[in-house]
Each structure stands twice: as structure tokens, then as C-alpha cells.
């Protein structure tokens with residue numbers, strides 16, 4: 005049997021670092037993911053006034069002196085806020101910094117300047133913030149000047165209430181999450197409603213609300229059956245809310261301080277997905293330690309997808325075990341778990357029959373085009389793939405087929421998820437072992453964005 009340990013949750017790490025920086029007092033956060041993306045978030049929050057001190061003899065542990073909601077930018081020259089390639093850092097902190105005071109320059113690596121942020125910027129302007137784009141409208145880099153979020157600037161909607169703002173999640177849930185984290189810094193109750201035409205990555209909103217609740221921020225979540233103005237709003241338990249419709253959700257956020265405390269970051273389902281998938285494609289039972297089967301993380305959906313594909317799984321409160329079995333193709337809507345698409349695409353390649361992945365058009369604006377990149381990679385090892393506007397159809401090679409990888413050059417496209425998902429090929433290779441697969445990839449170091457120890461961890465499958 006193979007045992008491996010999942011990394012800490014990147015999503016929760018970002019959110020707990022932000023909440024602790026906004027808190028009124030000193031917090032301790034343990035098991036924070038030590039990766040490029042979370043380092044960007046921590047460094048910007050430090051520049052804006054929070055103080056982070058490593059906990060002794062506690063890897064991933066931080067003592068955080070919060071700012072009491074008073075993040076500070078430059079008085080004349082903007083505070084430089086370099087987000088590198090972290091979309092989470094860029095979008096969450098753009099909103100959170102807007103709730104502070106001063107000028108901030110949000111900029112990143114070249115690919116970050118091709119990823120849209122216009123929906124969020126328009127929301128910040130509605131709160132009275134001044135935003136100036138430096139290059140393309142709707143994209144970083146930009147300069148944000150703020151005196152805080154002014155709820156009085158928001159319109160009053162007859163059927164929704166005072167201080168109401170509609171925000172679309174058609175491109176990204178991070179716009180909505182950033183505003184949720186920022187709204188307690190206002191002086192009034194703010195109602196955020198779900199606008200737009202569709203919803204992607206809804207489970208990440210649950211993670212944001214979990215973080216806010218942990219830090220004692222008060223909010224109410226309400227839904228209704230239709231967009232009809234006379235439809236009644238009902239209070240719901242957000243922990244049990246698995247899907248929502250535009251125009252049928254509103255969240256009322258009360259003003260208040262984030263309360264300092266002690267917190268533990270749970271394991272990361274996105275990072276664990278490669279290890280669970282390796283177990284499904286390998287020859288030995290694999291146990292992934294440190295995972296919560298009842299997690300609110302959307303990428304827990306990999307368990308449901310694998311079960312549909314015929315995998316054998318055993319879940320406990322703290323770990324997930326996978327027993328290899330032949331897989332078969334499925335049709336799956338992955339709009340709520342888009343980060344899993346490169347991984348599921350590889351599983352589909354070594355399954356019997358066809359797999360169709362739908363409703364993930366927004367993947368084209370991630371670190372790479374995560375529709376085109378997996379399709380191109382799979383074709384390089386002999387898989388027939390059809391690329392659609394909103395997904396992929398993968399014609400599986402078969403559950404018993406093995407491939408030759410020697411001499412095949414694999415491209416990460418500067419995308420951590422592409423690098424880690426392509427490592428899975430080695431579990432079905434005749435000539436390249438898991439401990440060697442990183443040599444086939446043009447930029448294996450890109451995994452430092454979210455899972456710095458990935459290649460060392462993946463060596464556990466070397467003798468599989």
C-alpha cells in the first residue's frame with residue numbers, strides 16, 4: 005500500500021491570512037500552505053500593515069498581528085502589490101485593499117495581465133473607489149485609490165433593500181469572494197446579490213463564508229425559487245447550499261471586526277486530486293492522508309466523478325483510500341470544480357469509452373488555456389481529443405492500455421495544474437517511471453505555485 009500526505013488548502017490559506025490581517029488582535033494560523041501564491045498574499049498584506057511572524061517549531065505556522073481593518077496604501081505614490089500569477093491573490097486582495105485607505109498598484113506577471121478583472125473593478129467603483137487602468141481596460145495592471153468602501157454610494161433596490169450590489173460569477177467566483185471579505189469594513193449592512201447569466205465555482209463561496217464565520221463575521225444567506233419580483237426570499241443554511249441561480253441569491257453582510265483567534269488550515273482537495281488520481285491509475289491501493297471527506301472544498305467532487313467512472317474508494321474522517329479498478333467514460337458538468345479538468349482529462353484518457361467534460365468555458369482565462377492545453381498534451385501521447393468551446397471530449401485509450409513516453413516532450417504552459425496532471429501519465433507508461441516523469445516536462449518547477457513538494461511526494465509511486 006502507498007501512503008501520501010496532501011498539501012494544505014491553498015484556498016483556505018489565502019482566506020485565513022487575509023482575515024487574520026484584517027482582525028483586531030493577534031491570531032495564530034497553523035498548517036498554512038507554503039507556496040508561491042500564498043507568499044504573494046502574505047507579502048502584500050505585510051506591506052499594507054499586517055505583521056506576520058513564523059511560529060517556532062511549527063512549519064506553516066504564523067502569528068499575525070492584525071490591522072483592525074485598517075490596511076494602508078501609499079499616500080501619494082501607490083503601494084506596489086505584485087501578485088505574480090496568482091488570480092486568487094489579485095482578485096481577493098483588490099477588493100480587500102479597497103476597504104482600506106490609500107493608493108495601491110495591482111500588477112503581476114505577463115499572463116496575469118491577460119486575465120480579466122473588469123467585473124470586480126466596476127463593483128469597487130460603485131463603492132466610490134477610483135481605479136485607473138495602466139494598459140488594457142478591464143485587466144491589470146491598475147492603480148486603486150480608496151478611502152474605504154462607501155456603502156452609501158450603492159443603490160437601493162426596491163425588492164432587494166438598501167446598499168445592494170449585483171455581482172456576476174460568470175467569469176470567476178473570486179470577484180464575489182473578495183467583496184464578501186471586504187464588506188465587513190463598511191459602516192452599513194451590504195447586500196451582495198448574484199447577477200450575471202451563469203455561476204462558476206460556487207463552492208469557493210462556501211469556503212469564503214466558512215472563513216468569515218470562523219472569524220465571527222455575521223451574515224445572512226437567502227435564496228428564492230425564481231427571479232420574479234414577488235418571489236419570497238428564504239433564509240438558508242449556506243453549508244448545505246450546493247448550487248445557486250443568478251438573481252436567486254443574496255448575502256447580507258454586517259459591518260464588524262474580524263475576531264482574532266487560533267486556526268488550523270485543512271488539507272487541499274485540489275492538490276490531493278493528483279494523488280487520488282494516481283491511486284486510481286496505479287497498481288496498488290493508495291491512501292491520501294490529511295483529507296476531510298466532508299470538506300466544503302469544491303474539488304472534493306473528484307470522489308463523485310471517480311465513483312461514476314467505476315473507481316473503488318474508501319473514505320474516513322481523515323483520509324481517502326483508492327483501490328485501482330478499470331475506469332469507464334462519463335459525461336460530467338465541471339463548472340463547479342474547474343481546477344479538476346486537467347486531472348479528469350488524464351483519467352478519461354485511460355478509461356474505456358468516451359468522456360465529455362462540459363460547462364468550463366471560463367478555463368480559457370486561467371494560468372493557461374485549460375481546455376486547449378490538456379487537449380494538446382493528450383494528443384501528444386496518442387489520445388484522440390475533441391476540443392469544444394466549453395469543454396472536451398476524450399476518447400479513452402482503454403483501461404488496460406499503456407503508452408510509451410520516452411522522447412515525448414510535455415509542456416506545462418507555465419501552469420502548475422498542467423504539470424501535475426501530466427505526471428499521471430507515468431502511472432500508465434511502459435518506459436518512464438513516476439520518479440523520472442518531471443524530466444519530460446519543460447518547467448517542472450512551476451508546481452511551486454501550489455504544491456512545492458509535489459515531485460518529492462510523487463516519488464511514493466515510483467515502485468508502483
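In the numbering used here, the protein residues as written are 5 to 468. All C-beta atoms in this analysis are idealised placements derived from N, C-alpha and C, irrespective of residue type, glycine included. The structure displayed is predicted, hence computed values, not measured ones.
Proximity winner among the options, relative to residue i (alpha-carbon distances)
i, options, result
"residue 266", "7, 12, 14, 27", "27"
"residue 230", "250, 105, 131", "250"
"residue 241", "386, 233, 391, 254", "254"
"residue 166", "292, 185, 256, 97", "256"
"residue 23", "221, 366, 352", "221"
"residue 397", "457, 384, 335, 446", "335"
"residue 467", "337, 328, 288", "288"
"residue 365", "388, 457, 393, 346", "393"
"residue 340", "367, 142, 328", "367"
"residue 47", "130, 18, 139, 72", "18"
"residue 350", "303, 388, 323, 425", "425"
"residue 345", "195, 448, 421", "421"
"residue 205", "285, 149, 301", "301"
"residue 170", "126, 244, 389", "126"
"residue 223", "232, 233, 210, 234", "210"
Inter-residue Cα distance where the pair is residue i and residue j
i, j, result
"residue 315", "residue 332", "9 Å"
"residue 436", "residue 215", "42 Å"
"residue 270", "residue 117", "31 Å"
"residue 306", "residue 343", "10 Å"
"residue 95", "residue 179", "6 Å"
"residue 465", "residue 312", "24 Å"
"residue 375", "residue 361", "10 Å"
"residue 463", "residue 247", "37 Å"
"residue 9", "residue 278", "11 Å"
"residue 383", "residue 176", "29 Å"
"residue 122", "residue 338", "24 Å"
"residue 2", "residue 80", "No answer is possible for residue 2: it lies beyond the span of the chain, which begins at 5 and ends at 468."
"residue 114", "residue 450", "15 Å"
"residue 191", "residue 259", "6 Å"
"residue 90", "residue 448", "18 Å"
"residue 430", "residue 452", "20 Å"
"residue 218", "residue 65", "17 Å"
"residue 327", "residue 438", "18 Å"
"residue 308", "residue 373", "25 Å"
"residue 152", "residue 347", "41 Å"
"residue 225", "residue 324", "31 Å"
"residue 244", "residue 119", "31 Å"
"residue 234", "residue 194", "21 Å"
Beta-carbon contacts of residue i that lie in its chain and below 8 Å, excluding the five residues immediately before and after
i, result
"residue 356", "330, 331, 332, 333, 400, 402, 403"
"residue 298", "321"
"residue 386", "401, 407"
"residue 14", "37, 39, 41, 42, 92, 272, 274, 275, 454"
"residue 75", "25, 26, 49, 52, 53, 54, 100, 101, 103, 104, 105"
"residue 88", "40, 41, 44, 112, 113, 116"
Residue i burial status per 10 Å Cβ neighbour count (16 or more: buried)
i, result
"residue 63", "exposed"
"residue 201", "exposed"
"residue 77", "buried"
"residue 173", "buried"
"residue 411", "exposed"
"residue 156", "exposed"
"residue 370", "buried"
"residue 473", "The structure shown does not extend to residue 473, since the chain is modelled only from 5 through 468, so no value can be given for it."
"residue 295", "buried"
"residue 142", "exposed"
"residue 413", "exposed"
"residue 432", "buried"
"residue 150", "buried"
"residue 61", "exposed"
is_contact[residue i, chain D] using C-beta, thresh 8 Å
i, result
"residue 65", "Within the model displayed, chain D is absent; a lone protein chain is all it includes."
Residues near residue i in its chain [Cβ-Cβ closer than 7 Å; skip 5 each side]
i, result
"residue 67", "30, 32, 57, 59"
"residue 183", "99, 127, 171, 196"
"residue 456", "38, 39"
"residue 82", "107, 108, 109, 147"
"residue 154", "131, 132"
"residue 379", "389, 391, 396"
"residue 129", "135"
Residues near residue i in its chain [Cβ-Cβ closer than 6 Å; skip 5 each side]
i, result
"residue 434", "406, 408"
"residue 69", "30, 55"
"residue 390", "397"
"residue 459", "442"
"residue 21", "45, 46"
"residue 213", "242"
Item to check | alpha helix (DSSP H) segments (min. 4 residues) lying fully within the stretch 379–443 | outcome: Entirely contained in the stretch 379–443, the alpha helix (DSSP H) runs reaching 4 residues are, in chain order, 420–427.
Next on the checklist: Which complete beta strand (DSSP E) runs does the stretch 16–101 hold, if anything under 3 residues is left out?
Outcome noted: 30–34, 55–58, 66–69, 83–86
Item to check | 4 or more residues per run - each alpha helix (DSSP H) lying fully within the stretch 259–299 | outcome: 273–285
Checklist entry - Where in the stretch 178–256 do unbroken runs of the beta strand (DSSP E), each at least 3 residues long, occur, reported from the N-terminal end onward? => result If you keep only unbroken beta strand (DSSP E) runs of at least 3 residues inside the stretch 178–256, you get 194–203, 223–227.
Item to check | alpha helix (DSSP H) runs contained entirely in the stretch 305–360, provided each spans 4 or more residues | outcome: Counting only unbroken stretches of 4 or more residues, the alpha helix (DSSP H) elements lying wholly within the stretch 305–360 are 305–313, 345–353, in sequence order.
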